[in-house]
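Residue numbers (numbering that gives the first Met the number 0), protein chains in the order written: chain V, 0 to 182; chain B, 0 to 435.
Just so you know, even glycine gets a beta-carbon here, dropped at the ideal spot from N, CA and C.
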Amino acid sequence: MAPERLLWISCQRTDLPAAISPIPGSVAPLFLITMIKFLLMVNKQGQTRLSKYYEQVELGKRTALEADVVRGCLARRKEECSFVEYKDYKLVYRQYAALFIVVGITENENELSIFELVHNFVEVLDKYFSRVSELDVSLSKNTHYTNKVHIILDEMILNGHIVETNKNRILAPLLALDKMTES
Amino acid sequence: MSDVVEKTLTALPGLFDSQTGAAKITNRLRQLIKSITELTSKHEEENLIKKELSAMKEQVSSPNTTMKQMREIMVRAMYCEMLGYDASFTYIHAIKLAQQGAVLEKRVGYLAVSLFLNEGHELLLLLVNTVLKDLQSTNLIEACMALTVVAQVFPKDMIPAVLPLVEDKLSHPKEIIRRKAVLALYKFYLIAPNQVQHIHAKFRKALCDKDPGVMTSSLHIYLQLIRESPDGYKDLTGSFVTILKQVVGGKLPVDFNYHNVPAPWLQIQLLRILSLLGKEDQSTSELMYEVLDESLRRAEMNHNITYAILYECVKAVYTIHPKAELLEKAARCIGNFVLSPKINLKYLGLKALTYVVQHDAKLALQHQMTIIECLDHSDFTIKRETLELLFRITNAQNVTVIVEKMLDFLRGCNDDHTIIHLVGKVAELAEKYPFN
Chain V
0 MAPERLLWIS CQRTDLPAAI SPIPGSVAPL FLITMIKFLL MVNKQGQTRL
50 SKYYEQVELG KRTALEADVV RGCLARRKEE CSFVEYKDYK LVYRQYAALF
100 IVVGITENEN ELSIFELVHN FVEVLDKYFS RVSELDVSLS KNTHYTNKVH
150 IILDEMILNG HIVETNKNRI LAPLLALDKM TES
Chain B
0 MSDVVEKTLT ALPGLFDSQT GAAKITNRLR QLIKSITELT SKHEEENLIK
50 KELSAMKEQV SSPNTTMKQM REIMVRAMYC EMLGYDASFT YIHAIKLAQQ
100 GAVLEKRVGY LAVSLFLNEG HELLLLLVNT VLKDLQSTNL IEACMALTVV
150 AQVFPKDMIP AVLPLVEDKL SHPKEIIRRK AVLALYKFYL IAPNQVQHIH
200 AKFRKALCDK DPGVMTSSLH IYLQLIRESP DGYKDLTGSF VTILKQVVGG
250 KLPVDFNYHN VPAPWLQIQL LRILSLLGKE DQSTSELMYE VLDESLRRAE
300 MNHNITYAIL YECVKAVYTI HPKAELLEKA ARCIGNFVLS PKINLKYLGL
350 KALTYVVQHD AKLALQHQMT IIECLDHSDF TIKRETLELL FRITNAQNVT
400 VIVEKMLDFL RGCNDDHTII HLVGKVAELA EKYPFN
């Protein structure tokens, strides 16, 4: 084992709650950080459809991370829980038809609350896009769905923290933007 | 509920996969995604993307490219970067798009900037003027966008340039502006705490804001401040307790509900704050017993999100100064989780036990049969969490058995991180109990 890894092990203490998990190579946070590290939408073939990182991850490293993460989730069976321990943090995943939504979270974050946050997000998307599909096609002609999903996500999660969960408030800026673009 | 899920299931794949229905809309991005999806090798993908990127390079340098076209190019650039290919030649154009584009172009420009750039990137300096202009715009949508991007990515050294404008927004008549201003200031606090020292009074105003959304956004700042120094904020305990009481009591407008549960993530945030304030402080803890009891009772509904709230409640009860009746209720709650046939709840129960055993070893003893069953569970995550729990209840009597179980697990384990983590634990135990 490399010497720096041994150092990490000897730093672990038993009197601390399960929350603290020093990330090798980074500056140890002074206080327990609870946050969302990233959110991915990946299909069953492992192709990323949307990725949002709330922590610095080098561009070159992202695809490998995403492939690894999705592999971990695809290996899970239906009767197993929706949480996976991954490296020194956790993954919360939820499957919707052909799409996986995977959220990377710190150890001390509440897994079940994030599990439901994902569903809230999906419900917001449903609320917005089912409304859109009812509108005139010419209106949605140059609509870039991916942008809209990003914009919606930006209203919900900021800097890895949950900032808005009220569906009407999440959609208000986007609906105002749509209205302005129409005219 | 099943109606929503059905609609969503049919809608979602159509958003991203062009093979399914919604492809009435044809644009370059869809074509690109379609082509990528049809490829079979990484090599082919590389070639396709490289071609796409060189086409884009030409387009961005052409003087004839309109802002609308630039927006379209930006979307493709974001897609290429998402796949891991560098499109840095578009970064400057993203900023220009935010600067010169109409409202939708501006939003896409800001979005691209937030995805492409991160703290310390030199191009961010060029963003400052655009943000300053938009912050002062009479168009609320533009002001909102500017506040959002400021909270996402902004050069630390330029905070003084934009701070007065953001501060000013704290007293804006529209709640969304006030809310976003608070979040921007939270970001400033995280990256440059001394820049916002003087406005703590304004955070208090935000906490007491008549709009629940603004109040909620101030909680992010308070959670951080209280983590750093709980003593300075004990006087706010009463306020947090009152807010939680009102939320649990259903006083918020109905659109703050999620599946009939009032603002669950807000409840969780408040419970975390209260835990920090009540820790090792009897008089402060006494202020919160009633609302914790109420939360424990209200969360009896059968939904994942209420279980998530219960989990935080239980943690809070065990963190603050102990109260027998609450501890009893919390223990029962953990018991229900651990014994639940729902696997996600079982996991949460084990996690709660791990947290709680430091305070109450007897609880683990009560559930030892279930814990032993979980050790042999087919789900790796459950097994791993059980080992974590066992590690915490190790004593001179059971250490041999526990280490054996850990070694067993290690033999079947492939993941590097888990191996290192567990070997470390075994090593610690060996040190602690040398004669076994």
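Legend entry - Exposure of B/Gly248, with buried meaning 16 or more beta-carbon neighbours within 10 Å: Position 249 of the second sequence, counting from 1, holds the residue named residue 248 of chain B. By the neighbour-count definition (other C-beta atoms within 10 Å, threshold 16), B/Gly248 is an exposed residue.
Inset, instruction - Tell me whether B/Phe153 sits in a helix, a strand or coil according to DSSP, three-state version. - result: For the purposes of this step, residue 153 of chain B is identified with residue 154 of the second sequence, where counting begins at 1. B/Phe153 falls in the coil class under three-state DSSP.
Inset, instruction - Would you tell me roughly how many angstroms separate the C-alpha atoms of V/Thr62 and B/Tyr90, rounded to the nearest one? - result: Residue mapping note: residue 62 of chain V aligns to position 63 of the first sequence, counting from 1. Residue mapping note: residue 90 of chain B aligns to position 91 of the second sequence, counting from 1. Rounded to the nearest angstrom, the two C-alpha atoms are 20 Å apart.
Inset, instruction - Rank V/Ile113, V/Val56, V/Ala175 and V/Val148 by C-alpha distance to the C-alpha of B/Ile304 and give the top, closest one. - result: Numbered from its first residue, the second sequence carries residue 304 of chain B at position 305. Measuring from the Cα of B/Ile304, the nearest candidate turns out to be V/Ile113.
Inset, instruction - Please classify B/Tyr84: does DSSP put it in a helix, a strand, or coil? - result: Along the second sequence, read from residue 1 onward, the residue named residue 84 of chain B stands at position 85. Three-state DSSP puts B/Tyr84 in coil, outside helix and strand.
Inset, instruction - Rounded to whole angstroms, what's the CA-CA distance from B/Leu162 to B/Gly100? Just pull it up for me. - result: Your numbering for residue 162 of chain B matches position 163 in the second sequence. Your numbering for residue 100 of chain B matches position 101 in the second sequence. Put simply, the backbone Cα of B/Leu162 is about 25 Å away from that of B/Gly100.
Inset, instruction - On a CA-only basis, which of B/Thr215, B/Glu327 and B/Val107 is nearest B/Lys361? Give me that one, please. - result: Within the second sequence, numbered from 1, the residue matching residue 361 of chain B stands at position 362. Minimum Cα distance to B/Lys361 is reached at B/Glu327.
Inset, instruction - Can you give me the Cβ contacts of B/Leu437 inside the same chain, cut-off strictly under 8 Å, excluding the 5 residues immediately before and after it? - result: Residue 437 of chain B is absent from the structure shown; chain B starts at 0 and stops at 435.
Inset, instruction - Closer than 6 Å by C-beta to B/Val240: which residues in its own chain qualify, once you throw out the five before and the five after it? Chain order, please. - result: Counting from one through the second sequence, the residue named residue 240 of chain B turns up at place 241. Cβ neighbours of B/Val240 beyond the five flanking positions: Leu286, Met287 and Val290.
Inset, instruction - Verify whether the separation of the beta carbon atoms of B/Lys186 and B/Val127 is less than 9 Å. - result: As a position in the second sequence, residue 186 of chain B is number 187, starting the count at 1. As a position in the second sequence, residue 127 of chain B is number 128, starting the count at 1. For B/Lys186 and B/Val127, no; Cβs fall outside 9 Å.
Legend entry - Completely contained beta strand (DSSP E) runs for the region 196 to 245 of chain B, where each covers 3 or more residues: Runs of the beta strand (DSSP E) spanning 3 or more residues and lying entirely within the region 196 to 245 of chain B do not occur at all.
Legend entry - Length-filtered (4 minimum) alpha helix (DSSP H) runs lying within the region 70 to 151 of chain B: If we require 4 residues or more, the alpha helix (DSSP H) runs fully inside the region 70 to 151 of chain B come out as 90 to 99, 102 to 115, 123 to 134 and 139 to 151.
Legend entry - Nearest residue (CA-CA) to V/Lys51, options B/Glu174, B/Ile308 and B/Met81: By 1-based counting over the first sequence, the position of residue 51 of chain V is 52. Relative to the Cα of V/Lys51, the nearest Cα in the group B/Glu174, B/Ile308 and B/Met81 belongs to B/Met81.
Legend entry - Within chain B, the residues that V/Glu108 reaches when beta carbons sit closer than 7 Å: Here residue 108 of chain V corresponds to residue number 109 of the first sequence, with the count starting at 1. For V/Glu108, no chain B residue has a Cβ inside 7 Å of its Cβ, as the nearest lies near 10 Å away.
Legend entry - Cα-Cα separation between B/Met405 and V/Gly71, rounded to whole angstroms: Position 406 of the second sequence, counting from 1, holds the residue named residue 405 of chain B. Position 72 of the first sequence, counting from 1, holds the residue named residue 71 of chain V. If you take the alpha carbons of B/Met405 and V/Gly71, they lie about 22 Å apart.
Legend entry - Local conformation of B/Asp378 per DSSP, three classes: In the second sequence, counting from the first residue as 1, residue 378 of chain B sits at position 379. Three-state result, B/Asp378: coil.
Inset, instruction - Compare the C-beta of V/Phe37 with all C-beta atoms of chain B and state if any pair is closer than 9 Å. - result: In the first sequence, the residue the question calls residue 37 of chain V occupies position 38. Answer no: the Cβ-Cβ gap between V/Phe37 and chain B never drops below 9 Å.
Legend entry - Residues of the region 59 to 80 of chain V with Cβ closer than 7 Å to any Cβ of chain B, in chain order: Within the region 59 to 80 of chain V, contact with chain B at the beta-carbon level (separation under 7 Å) is assigned to Gly59, Arg61, Thr62, Glu78, Glu79 and Cys80.
Legend entry - V/Leu38 and V/Leu49 closer than 9 Å at C-beta: Taking the first sequence and counting its residues from 1, one reaches residue 38 of chain V at position 39. Taking the first sequence and counting its residues from 1, one reaches residue 49 of chain V at position 50. Taking 9 Å as the Cβ cut-off, V/Leu38 and V/Leu49 qualify as a contacting pair.
Inset, instruction - Please name the residue or residues paired with V/His118 in a DSSP beta bridge. - result: Working through the first sequence from its first residue, we reach residue 118 of chain V at position 119. In DSSP, V/His118 forms no bridge with anything.
Legend entry - Spatial distance of B/Ala262 from B/Glu141 (CA atoms): The residue labelled residue 262 of chain B in the question sits at position 263 within the second sequence. The residue labelled residue 141 of chain B in the question sits at position 142 within the second sequence. B/Ala262 and B/Glu141 have their C-alpha atoms spaced approximately 28 Å apart.
Legend entry - Inside the region 21 to 99 of chain V only - beta strand (DSSP E) runs reaching at least 3 residues: Here the runs fully enclosed are 35 to 42, 47 to 52, 82 to 85 and 88 to 95.
Inset, instruction - Would you list the one or two residues that DSSP bridges to B/Leu182? - result: The residue labelled residue 182 of chain B in the question sits at position 183 within the second sequence. According to DSSP, B/Leu182 bridges with nothing at all.
Inset, instruction - Give every residue of the same chain whose Cβ lies closer than 8 Å to the Cβ of B/Cys143, excluding the five residues on either side of it in the sequence, and list them in chain order. - result: By one-based count along the second sequence, residue 143 of chain B stands at place 144. So the qualifying residues of the chain are Ile175, Ile176 and Lys179.
Legend entry - Span separating the alpha-carbon of B/Leu184 from that of B/Val165: For the purposes of this step, residue 184 of chain B is taken as residue 185 along the second sequence, with counting starting at 1. For the purposes of this step, residue 165 of chain B is taken as residue 166 along the second sequence, with counting starting at 1. If I take the Cα positions, the gap works out to 8 Å.
Legend entry - Proximal residues, the region 151 to 170 of chain V versus chain B, C-beta separation under 9 Å: Residues Asp153, Glu154, Leu157, Asn158, His160, Ile161, Val162, Glu163, Thr164, Asn165, Lys166, Asn167 and Arg168.
Inset, instruction - Rank B/Leu114, B/Ile333, B/Lys50 and B/Tyr84 by C-alpha distance to the C-alpha of V/Lys60 and give the top, closest one. - result: As a first step, residue 60 of chain V must be located in the first sequence, where it is residue number 61. With distances taken between Cα atoms, V/Lys60 lies closest to B/Tyr84.
Inset, instruction - Examine chain B for any beta-carbon lying closer than 9 Å to the beta-carbon of V/Thr47, and answer yes or no. - result: In the first sequence, the residue the question calls residue 47 of chain V occupies position 48. Interface residue, yes.
Inset, instruction - Kindly provide the ranges of any alpha helix (DSSP H) runs that are 4 or more residues long and lie completely inside the region 271 to 340 of chain B, ordered along the chain. - result: Runs of the alpha helix (DSSP H) inside the region 271 to 340 of chain B: 281 to 285, 288 to 297, 303 to 318 and 323 to 338.
Inset, instruction - Determine, using beta carbons only, whether V/Val83 comes closer than 9 Å to chain B. - result: In the first sequence, counting from the first residue as 1, residue 83 of chain V sits at position 84. Yes, contact with chain B.
Legend entry - Pair within 9 Å by beta-carbon distance, B/Ser284 and B/Lys244: Looking up residue 284 of chain B in the second sequence gives position 285. Looking up residue 244 of chain B in the second sequence gives position 245. Contact: no.
Legend entry - Residues that V/Ile156 bridges to, as DSSP identifies them: Walking along the first sequence from the start, residue 156 of chain V turns up at place 157. Per DSSP, V/Ile161.
Inset, instruction - Would you mind giving the Cβ-Cβ distance between B/Thr129 and B/Ala160, rounded to the nearest angstrom? I have them listed as a contact below 8 Å. - result: As a working mapping, residue 129 of chain B is identified with position 130 in the second sequence. As a working mapping, residue 160 of chain B is identified with position 161 in the second sequence. No, B/Thr129 and B/Ala160 are not in contact; Cβ-Cβ is about 12 Å, not under 8 Å.
Inset, instruction - Can you pull the chain V residues whose beta carbon is under 7 Å from the beta carbon of B/Lys186, in chain order? - result: Locating residue 186 of chain B in the second sequence gives position 187, where the first residue counts as 1. Within chain V, the residues near B/Lys186 are Asn158.
Legend entry - Candidates B/His416, B/Thr393, B/Asn394 and B/Val422: closest to B/Asp407 by CA position: For this step, residue 407 of chain B is matched to residue 408 along the second sequence. Of B/His416, B/Thr393, B/Asn394 and B/Val422, the residue nearest in Cα terms is B/Val422.
Inset, instruction - Taking the CB atoms as reference points, tell me whether B/Lys314 and B/Ala363 lie closer together than 9 Å. - result: Taking the second sequence and counting its residues from 1, the one referred to as residue 314 of chain B is at position 315. Taking the second sequence and counting its residues from 1, the one referred to as residue 363 of chain B is at position 364. No; because the gap between Cβ atoms is not below 9 Å, this pair is not in contact.
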